Amino acid sequence: MVLPNEAAIDVRAVRERPRRLLEALSGLRAAIAPTRFLHDAYRTHGLLVPMEIQPFGVDADRAPRPLRKPGPLRVGFIGQIGRYKGCHILIAATRLVPAGAVSVTVWGDMSRNPDYATSLRRAAWGLDITFAGPLSLQEIDGALRSVDILVVPSLWAENAPLTLLQALASKTPCLVSDQPGMTEFVQDGVNGHVFPTGRPRALAAMLRRLATDRDHLDRLTCRTGYERTSDAPSSRKTRLNHGPMFGTRRMRAGGKVIAASAATVLFFYAVMENAAQRSPH
567 MVLPNEAAID VRAVRERPRR LLEALSGLRA AIAPTRFLHD AYRTHGLLVP MEIQPFGVDA
627 DRAPRPLRKP GPLRVGFIGQ IGRYKGCHIL IAATRLVPAG AVSVTVWGDM SRNPDYATSL
687 RRAAWGLDIT FAGPLSLQEI DGALRSVDIL VVPSLWAENA PLTLLQALAS KTPCLVSDQP
747 GMTEFVQDGV NGHVFPTGRP RALAAMLRRL ATDRDHLDRL TCRTGYERTS DAPSSRKTRL
807 NHGPMFGTRR MRAGGKVIAA SAATVLFFYA VMENAAQRSP H
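Add 566 to a position in the sequence shown, counting from 1, and you land on the number used in the working numbering.
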């Protein structure tokens with residue numbers, strides 16, 4: 567196949583990207599990864615600098631959850647409206663659950679991917695599913711407290727999505743697909759459940775159980791949490807406490823790169839905060 571000159575340049579750029587990234591990152595003195603998944607991915611692709619795994623911190627309402635209201639199981643989806651986020655999997659699973667058993671609220675910007683959004687509305691016809699639009703960062707806590715569980719049915723690997731961590735911190739059990747970067751935080755049968763990626767029937771079975779077994783849902787809720795620690799960087803304020811790896815006891819920063827007495831540290835948290843301000847996930 568013959569490509570136009572511009573397309574050929576784009577293909578070359580894509581092929582060169584891994585090498586150029588590795589070249590740039592290899593100049594670091596140290597790096598931080600928020601998940602084991604990302605740490606291992608860096609290692610697999612040849613990044614050999616000293617690296618520490620340090621989970622993201624979250625600013626979340628950790629007050630006890632209100633008692634579950636009578637009625638259907640209240641299910642939430644918070645995220646980007648794109649096929650890779652798997653909202654259609656949740657809708658397909660909802661159709662497999664007896665009528666009246668669950669009530670689903672989808673929070674996300676339906677205007678960013680209109681064709682996919684239209685397909686979701688069609689698939690949800692006749693079901694108890696509300697498309698509630700996007701959330702600001704300040705509204706996420708309230709949304710989480712209005713549901714019994716959060717579903718994160720992503721079709722690709724995630725890297726500690728902040729909405730998932732906020733849900734756990736607010737004592738909201740989570741049902742997640744078995745994608746790396748999420749299963750590090752959700753233990754099946756402890757603080758939620760894990761289902762095979764892209765399998766609405768498996769998700770539907772979990773929804774049916776939670777809708778009918780209130781005691782099981784209560785047990786999950788009681789065991790759900792995300793520890794607040796002084797070592798975990800939050801989306802608003804980052805404080806890193808490190809040992810000899812970084813050559814300094816404490817570093818404070820608000821940008822992409824931290825320069826310290828004996829380290830230049832790859833710093834992704836400001837990027838995550840900027841992305842979170844633009845979208846709910």
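Every residue gets a Cβ at the ideal spot worked out from N, C-alpha and C, and that includes glycine. Note that the structure is a prediction, hence the values are computed from the model and not measured.
With distance defined between alpha-carbon atoms, name the residue in the options nearest to residue i.
i, options, result
"residue 764", "721, 613, 577 and 681", "721"
"residue 666", "774, 792, 779 and 606", "774"
"residue 626", "783, 687 and 732", "732"
"residue 724", "599, 748 and 658", "748"
"residue 696", "674, 734 and 719", "674"
"residue 726", "639, 577, 583 and 605", "605"
"residue 787", "718, 628 and 607", "628"
"residue 676", "668, 685 and 636", "685"
"residue 752", "700, 791 and 699", "791"
"residue 784", "639, 613 and 599", "639"
"residue 713", "687, 636, 617 and 762", "636"
Taking the alpha-carbon positions, what's the residue i to residue j distance?
i, j, result
"residue 825", "residue 594", "With a pLDDT of only 28 at residue 825, under the threshold of 50, the placement of this residue in the model should not be trusted; the figure read from the coordinates follows. Each residue's Cα considered, the two are about 11 Å apart."
"residue 679", "residue 651", "12 Å"
"residue 743", "residue 644", "14 Å"
"residue 663", "residue 770", "6 Å"
"residue 577", "residue 585", "14 Å"
"residue 642", "residue 582", "40 Å"
"residue 776", "residue 610", "38 Å"
"residue 621", "residue 750", "10 Å"
"residue 768", "residue 760", "9 Å"
"residue 746", "residue 718", "12 Å"
"residue 634", "residue 649", "31 Å"
"residue 754", "residue 772", "11 Å"
"residue 860", "residue 598", "A question about residue 860 goes unanswered here, because the residues of the chain that appear run from 567 up to 847."
"residue 656", "residue 766", "7 Å"
"residue 734", "residue 709", "13 Å"
"residue 613", "residue 600", "15 Å"
"residue 779", "residue 669", "16 Å"
"residue 782", "residue 607", "35 Å"
"residue 711", "residue 762", "26 Å"
"residue 701", "residue 617", "34 Å"
Below 8 Å between beta carbons: does that hold for residue i and residue j?
i, j, result
"residue 729", "residue 706", "yes"
"residue 757", "residue 794", "no"
"residue 682", "residue 715", "no"
"residue 619", "residue 631", "no"
"residue 661", "residue 693", "yes"
"residue 580", "residue 596", "no"
"residue 653", "residue 624", "no"
"residue 658", "residue 689", "yes"
With DSSP collapsed to three states, give me the class of residue i.
i, result
"residue 617", "strand"
"residue 581", "helix"
"residue 761", "strand"
"residue 826", "Confidence at residue 826 is low in this model, with a pLDDT of 27, below 50, so its placement is unreliable and the value that follows should be read with caution. Looking at residue 826 - three-state DSSP - the assignment turns out to be strand."
"residue 677", "coil"
"residue 807", "Its pLDDT being 42, under 50, residue 807 is placed unreliably by the model, and the measurement read from it follows with that caveat. It is a strand residue."
"residue 606", "helix"
"residue 644", "strand"
"residue 597", "strand"
"residue 849", "Outside the modelled stretch of the chain, which goes from 567 to 847, sits residue 849, for which no answer is possible."
"residue 591", "helix"
"residue 779", "coil"
"residue 721", "coil"
"residue 716", "strand"
Mind checking whether the beta-carbon of residue i lies closer than 7 Å to any heavy atom of the ligand ATP?
i, result
"residue 655", "Annotation note on the ligand ATP: not contained in the displayed structure, which lists no ligands."
Inter-stretch contact at 8 Å, needing at least 3 Cβ pairs: the stretch 733 to 750 / the stretch 585 to 593:
no
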